[in-house]
Amino acid sequence: MQIALYGVTANGNTIVELGSRMATDDEGAAMATPFFESADLDMGPAAYQARLRRIAQSVVISADNTVRVSAGVDGSIQSGSAESVALVTTDGPEQAIETFPAETGTRFRVRVEVTTYGGGLEFGEADLLLVPRRSTVNA
Amino acid sequence: MRIPGAKTVHVAGWGGGLYEDAEPDLVDPRGRVVGTLDDGLNLTITPGGRLRVRGGSEVAQTFAAVTGNAISDVLNLFRFSPTGAIAVAHTSGGSKHYTYALSDEMEFALPIGSESEAGSRADLTWNTATPGRPVAAELFERLYVVDASLTNRRELVEIKISGGGLGVTKPTYDLDASGGAPGAVKGYTIAAFNGVLFVAGWQDEVTTFEPAVLRHSFLGVDPVAAGGFDADAFLLVGAKGQAITALAAGNNILLVAKEHELYRVTGSGRGVAGWQYPISALDNTLGLGCANPYALAHAEGFWYGIGRAGPWRSDGRSVEMLRRGRDRSWGRADTLEVATVVPDPERHCILFGFHETGRPEYETAPFSWWKWDAIHERWDITERYARSFHTACAIPQGAAHAAAGPPSDVEQSFAFGHGDFGATVLTGTFTLGDAGAETEVWLRHATQSDVLTQTLAAGVARFTISAIVLNWEVCYVKLRHKKGGVWSDFSGEIEFYPRLHPPALTLSRTTTPSNTVSVVNYAGNSLVQHLHGDGGAWSKDWLDAPSGLNTDTPTSLGSPMTATIEEPALVGHEESQANTIYLQALVTAPAGSTPSPPSQNMSIDLAETAINVLWQPHNTVGGAHQLQYRVSGGGSYTTAQSFTQSGLATHQLQITGLSASTAYDVRVTLAGATSPSAATVMYTKLEAPTIAVAQGGAGTPDVDITVTVPASAGGYDVRVFSASNSSGTPGYNQLHAAQSAGAHVYNSTAGTCGVGDKYYAAIYNSAWPADWRYSDLVSDEIANPCT
Chain U
1 MQIALYGVTA NGNTIVELGS RMATDDEGAA MATPFFESAD LDMGPAAYQA RLRRIAQSVV
61 ISADNTVRVS AGVDGSIQSG SAESVALVTT DGPEQAIETF PAETGTRFRV RVEVTTYGGG
121 LEFGEADLLL VPRRSTVNA
Chain V
140 MRIPGAKTVH VAGWGGGLYE DAEPDLVDPR GRVVGTLDDG LNLTITPGGR LRVRGGSEVA
200 QTFAAVTGNA ISDVLNLFRF SPTGAIAVAH TSGGSKHYTY ALSDEMEFAL PIGSESEAGS
260 RADLTWNTAT PGRPVAAELF ERLYVVDASL TNRRELVEIK ISGGGLGVTK PTYDLDASGG
320 APGAVKGYTI AAFNGVLFVA GWQDEVTTFE PAVLRHSFLG VDPVAAGGFD ADAFLLVGAK
380 GQAITALAAG NNILLVAKEH ELYRVTGSGR GVAGWQYPIS ALDNTLGLGC ANPYALAHAE
440 GFWYGIGRAG PWRSDGRSVE MLRRGRDRSW GRADTLEVAT VVPDPERHCI LFGFHETGRP
500 EYETAPFSWW KWDAIHERWD ITERYARSFH TACAIPQGAA HAAAGPPSDV EQSFAFGHGD
560 FGATVLTGTF TLGDAGAETE VWLRHATQSD VLTQTLAAGV ARFTISAIVL NWEVCYVKLR
620 HKKGGVWSDF SGEIEFYPRL HPPALTLSRT TTPSNTVSVV NYAGNSLVQH LHGDGGAWSK
680 DWLDAPSGLN TDTPTSLGSP MTATIEEPAL VGHEESQANT IYLQALVTAP AGSTPSPPSQ
740 NMSIDLAETA INVLWQPHNT VGGAHQLQYR VSGGGSYTTA QSFTQSGLAT HQLQITGLSA
800 STAYDVRVTL AGATSPSAAT VMYTKLEAPT IAVAQGGAGT PDVDITVTVP ASAGGYDVRV
860 FSASNSSGTP GYNQLHAAQS AGAHVYNSTA GTCGVGDKYY AAIYNSAWPA DWRYSDLVSD
920 EIANPCT
């Protein structure tokens, strides 16, 4: 038994089903770019400088999609090391995205944007490889 | 390589919820197992701990203009037991509010059996150019609607099924015992609780606006009747000047909200005059009230509300602020008068709808939906749609959302001969287990893993796999339905066979032995096949032939010699087209002789602008040879290339720069010979048409199929067929003969209203070799064949 959620439009004459699993867009137009940004992660001690060498993100797809993976360092998303990855079903339903941002800082986060959504996209477990730097932030 | 001191932070999934501006140690996934998020949009956390892109949105109902006045707002939607739902809409141009009876799937619901927009619509009798703010409660299959406007408040109306349509009644009462004219109720908000109606913000027909007054109807009396409300059945809640802003019943409590306070009303009441219900204030309510009637709901065992201090929840005794972890976002929420709280029982979450500052493209209504995960009791990722909504409502539907059953086992289709399958193209048909479900087509090569090749639209029962099929490998295909995000079981895995290409054939003539015949089977072939070579006095069968080179050294050959391949499992299409070489009759001198004709190399797919040619040299005659061609049937020949004999192996030549969909005469000339070789008719690939389908006339299935025949294929036939049933002969299946170049519109009445369909088209020419009589298929889908 399904319990559908319907929105009533402001300045409009329609009732719109929301969160429909049968739709991959919003009334025929691409939905606002889905993304997530993790909370800050670090090596443990405060102000311990490290390099984010690798991000591995598992995904499950049932349609072709494109995602963009960026690293965040000390509160700032690093667009220079961001990578776009095309996920195609011909590579199988369960895949892993691997990027190597090589960004240095003390706190790190991961931002993943679904730049092209074709349907059926789920994000699973992830790994961040942090390599310590010998110098401190102020050295 | 192990890096000293390196640390791998393993996140077991980003299912830890949203917590803005958190310190790393607070959300360290080592401690919390799952990753916490700082921000996000349009994703949702699954029960399994993954992040999934939220479902999309699609229009479920569009309200037409009424007497020329467009509907300008849909103000609210309410669950309504008799039909499924009631909507209230407003037309500013017509200064009217209308109510619509809708089904659980937002279709017009009345009159039963001949449902229509007009039959489902009623005038709410709120005749104002500005929209109201309807709030409603259902009691005994009747919906009571009040207006939560702060000024010019509109009267309470009762909506019920009456005479096959919607009946709207505006009851009036004489509650001041003056004996004067009765007046209508002008409540601000309303709720049904333990068999009676509670109306807030209204005293009586004289004092129509009394913000802190709460009234209840008379137990056991129709609220619309003159005695439906007792004059003394009211209560002043809290400070007189502070309005009751929202009511919501649940868990045997009616929660009464003011802007900064919460109260609970309990008890079952009695059918006697006067106020019947105990009332008490909740603990810890300062600042935690409700901003408006839409901003309170009961679900999952709690009341959820939005007040000036942010979102909160209550169990009916104490109140808990939910703003923690969302302080940053709270700074963007504005215009709390339009905020709304909507439980989503399907996903077990509570949606807090806000209008946010800084986004002028949105109407002044909620468009940013904070999502509270009621199971894990934490914030999920915010959702934002392309437009603003006054509010939303969850409507239970009567049907299960999973597919009714899996699709049948698939069958490989040969209905259109070689038009259905090629070396890299497979076609299958099946019977739908649920006409409303999408179908996933999975393919496994003999040596590889399963791959999802495509997802078919609901209603489509025929598919073509191309591009990822490997040449000459047995494939395995299975299907499953997908509906409402739920997958059915897989159908059985069925073997599919690609079309058998002729093997490559070459001949090398020497003196000892005199001939070497080479027949090359497909590389990577997984089929168990029989390879045949035949050349008059010579014939050879290689059973279970290995892939790659197979040779024989016959001492005698006849002309022509051929090679074919056979696979018994491909019933009806066991044997490939032949690859042919004409042996050279010419031996020593050209005078009085004629070169043998060339043949088209069938082991290479036809191309649109080139032809691959086989030609067998002779033993001793040198001199200039020319490969010539013309469009079949007449005209002068063009020399494609000149060549001399170089060795005695079969020449493989190519003619380029040709036109698609065209037959050519091809011959070989030799200087000094009496005449050129006989001409062989060879073919370029048929160029595919384009296709577009659209709804035709109203009513029953009516689809216009526009097929554009390319200039190169003008005058050829066009095959058009539908894909909505599993029959070998589809519901629509026509061979339109001799179609000129350009667009042709064909009409189909096949299909079922409300069920999608797909149409295929291809150019057809029976003169072409059997394996290439169809062009590539093109297709287009239609979501509904009926207007």
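Line by line, the protein sequences give chains U and V.
Going by this note's numbering, the first sequence opens with residue 1, and the numbers climb by one from there.
Going by this note's numbering, the second sequence opens with residue 140, and the numbers climb by one from there.
Note that CB positions come from ideal geometry on N, CA and C, so glycine has one too.
_Residue nearest to S527 of chain V in terms of C-alpha spacing, selected from U:V8, U:F100, U:A50 and U:Q2_ = U:V8
*Who are the neighbours of N291 of chain V on chain U, taking C-beta pairs under 7 Å?*
Correct list: empty, because the minimum Cβ distance to chain U is about 19 Å.
_Which of helix, strand or coil DSSP assigns to T347 of chain V_ = coil
_Is it the case that the region 264-282 of chain V contacts the region 324-337 of chain V, given that we only count it when at least three CB pairs across the two stretches are under 8 Å?_
yes
_Neighbourhood of H913 of chain V by C-beta, 6 Å cutoff - its chain only, sequence neighbours within 5 removed_ = First, the amino acid is wrong: residue 913 of chain V is Tyr here, not His. Taken in chain order, the residues that qualify are G558, A901 and Y903.
*For chain V, find out if any of its Cβ atoms is closer than 9 Å to the Cβ of V114 of chain U; answer yes or no.*
yes
*Where does the unbroken alpha helix (DSSP H) through A257 of chain V begin, and where does it stop?*
Note, A257 of chain V: alpha helix (DSSP H), E256 to S259.
*asked:* Please report the straight-line C-alpha distance between R218 of chain V and P482 of chain V, rounded to a whole angstrom.
replied: The alpha-carbon atoms of R218 of chain V and P482 of chain V are separated by roughly 13 Å.
*Closer than 9 Å, CB to CB, is N431 of chain V near chain U or not?*
no
*When you check each C-beta in the region 514-537 of chain V against every C-beta of chain A, which residues fall closer than 7 Å?*
Of the chains in the structure shown, none is chain A; the protein chains are U and V.
*Compile a chain-ordered list of the residues in the region 38-50 of chain U whose CB is closer than 7 Å to at least one CB of chain V.*
Against chain V - using a Cβ distance shorter than 7 Å - the residues of the region 38-50 of chain U are S38, A39, D40, L41, D42 and M43.
*Out of curiosity, what's the CA-to-CA distance linking S627 of chain V and N864 of chain V?*
Cα-Cα distance, rounded: 19 Å.
_Quick check: what's the CA-CA separation for V857 of chain V versus P221 of chain V?_
When rounded, the distance between both Cα atoms is 52 Å.
*So which of V:W442, V:G440 and V:A472 has the shortest CA-CA distance to A448 of chain V?*
Closest by alpha carbon: V:A472.
_V224 of chain V in three-state terms, based on DSSP_ = One detail in the question is off: residue 224 of chain V reads as Ala in this sequence, not Val. DSSP places A224 of chain V in strand when its eight states are reduced to three.
*Do the region 263-278 of chain V and the region 568-581 of chain V meet, that is, are 3 or more Cβ pairs less than 8 Å apart?*
no
*For D26 of chain U versus G195 of chain V, is the C-beta spacing smaller than 9 Å?*
yes
*Can you find a CB in chain V that lies within less than 9 Å of the CB of P101 of chain U?*
no
*Counting contacts by CB-CB distance shorter than 9 Å, is R68 of chain U in contact with chain V?*
no
_Please report the distance separating the alpha-carbon of S255 of chain V from that of L249 of chain V._
6 Å
_Neighbourhood of Y855 of chain V by C-beta distance below 8 Å, restricted to the same chain and skipping five residues each side_ = S800, L825, V848, A877, Q878, I902, Y903 and N904
*Just checking my contact of V136 of chain V with P737 of chain V at CB under 8 Å: how many whole Å lie between their CB atoms?*
There is no way to answer for residue 136 of chain V, as the model of chain V reaches only from 140 to 926.
_Using a 10 Å radius around the Cβ and a threshold of 16 neighbouring Cβ atoms, would you call P499 of chain V buried or exposed?_
exposed
_Helix, strand or coil, according to DSSP, for G80 of chain U in the structure here?_
Three-state DSSP puts G80 of chain U in a strand.
*asked:* Taking only three categories from DSSP, how would you classify K146 of chain V?
replied: strand
*With distances taken Cα to Cα, identify the nearest neighbour of P362 of chain V among V:Y237, V:W508, V:V549 and V:P310.*
Of V:Y237, V:W508, V:V549 and V:P310, the residue nearest in Cα terms is V:P310.
*Taking C-beta pairs closer than 9 Å, name the residues in chain U that D483 of chain V reaches, listed in chain order.*
I3, L5, L18 and G19
*Using a Cβ-Cβ cut-off of 9 Å, state whether A82 of chain U counts as contacting chain V.*
no
*Any C-beta of chain V under 9 Å from that of A32 of chain U*: yes
_Distance cutoff 9 Å, beta carbons only. Does D262 of chain V sit that close to anything in chain U?_
no
_Run of the alpha helix (DSSP H) containing W469 of chain V, from where it starts to where it stops_ = D466 to W469
_Within chain U, the residues that Y83 of chain V reaches when beta carbons sit closer than 9 Å_ = With chain V represented from 140 up to 926, any question about residue 83 of chain V goes unanswered, as that position is not in the structure.
*What residues in its chain sit with their C-beta under 8 Å from that of D177 of chain V, if we drop five residues either side in the sequence?*
L157, Y158, E159, D160 and A161
*If V805 of chain V sits next to I921 of chain V, beta carbons under 8 Å apart, how far is it from one beta carbon to the other, in whole angstroms?*
Contact doesn't hold; Cβ gap of about 43 Å is too wide.
*Alpha carbon to alpha carbon, how far is V823 of chain V from A810 of chain V?*
Note that residue 823 of chain V corresponds to Thr in the displayed sequence, not to Val. Roughly 28 Å between the two C-alpha positions.
*Interface residues of chain U around K146 of chain V at Cβ under 9 Å?*
M43, G44, A50, L128, L129, L130, V131 and P132
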